[in-house]
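Here the structure comes first, spelled out in structure tokens, and everything after it is commentary.
Residue numbers (my numbering): 169 to 300.
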């Protein structure tokens, strides 16, 4: 995304609270040269990786947004799913596309139903199996 076209923007998902505190162990051989991370909390390392990515993409002119949730649990994941479902529908309409009528999606669903031998898809099952 950093070197590509600017037709998309990046969404960074960030979780503020962590459920577990995990510190990174060292490796006596240090073959991967990562012992500078020894003793650091993995959540801290992830947040620094996130920040480093955001800064690089800002410097590279990549449009981006950061969505932060306070915890990784059913409530907040459900809210994220709801947000992205709405964003998908609204974006489609803004681009002049009906997001709820996509022939490409129907094609894969018909193929999947045939491959799973759903009743009513016997002819499609035979046709697809002959192609495999």
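Note that CB positions come from ideal geometry on N, CA and C, so glycine has one too. Since the model is a prediction, treat every value here as computed from it, not as a measurement.
Item checked: Per-residue DSSP class, three states only, for residue 179 -> DSSP, reduced to helix, strand and coil, places residue 179 within a strand of the structure shown.
Note to self: Can you look up residue 266 in the DSSP assignment and give me helix, strand or coil?
What the structure shows: It is coil, neither helix nor strand.
Margin query: Going by DSSP, what residue range makes up the alpha helix (DSSP H) through residue 303?
Written below: Nothing about residue 303 can be read from this structure; the chain reaches only from 169 to 300.
Checklist line | DSSP three-state assignment for residue 233, whether helix, strand or coil | finding: Looking at residue 233 - three-state DSSP - the assignment turns out to be strand.
Notebook entry, point to check: Which term fits residue 282, buried or exposed, when burial requires 16 or more other beta carbons within 10 angstroms of its beta carbon?
Noted result: It counts as buried.
Note to self: Could you pull the DSSP bridge partners for residue 279 from this structure?
What the structure shows: According to DSSP, which records beta bridges pairwise, residue 279 is partnered with nothing at all.
Next item on the list: Report yes or no: is there a C-beta of chain C within less than 8 Å of the C-beta of residue 181?
Entry: No chain C appears in the structure shown, which is made up of a single protein chain.
Margin query: Using a Cβ-Cβ cutoff of less than 8 Å, which residues in the same chain neighbour residue 208 once the five nearest sequence positions on both sides are dropped?
Written below: Cβ within range, chain order: 191, 192.
Next item on the list: Take residue 211 and list the residues in its own chain whose beta-carbon comes closer than 6 Å to its own, dropping the five residues that flank it on each side.
Entry: Around residue 211: 186.
Next item on the list: Assign residue 191 to one of three DSSP states: helix, strand, or coil.
Entry: DSSP places residue 191 within a strand segment (E or B) once states are collapsed to three.
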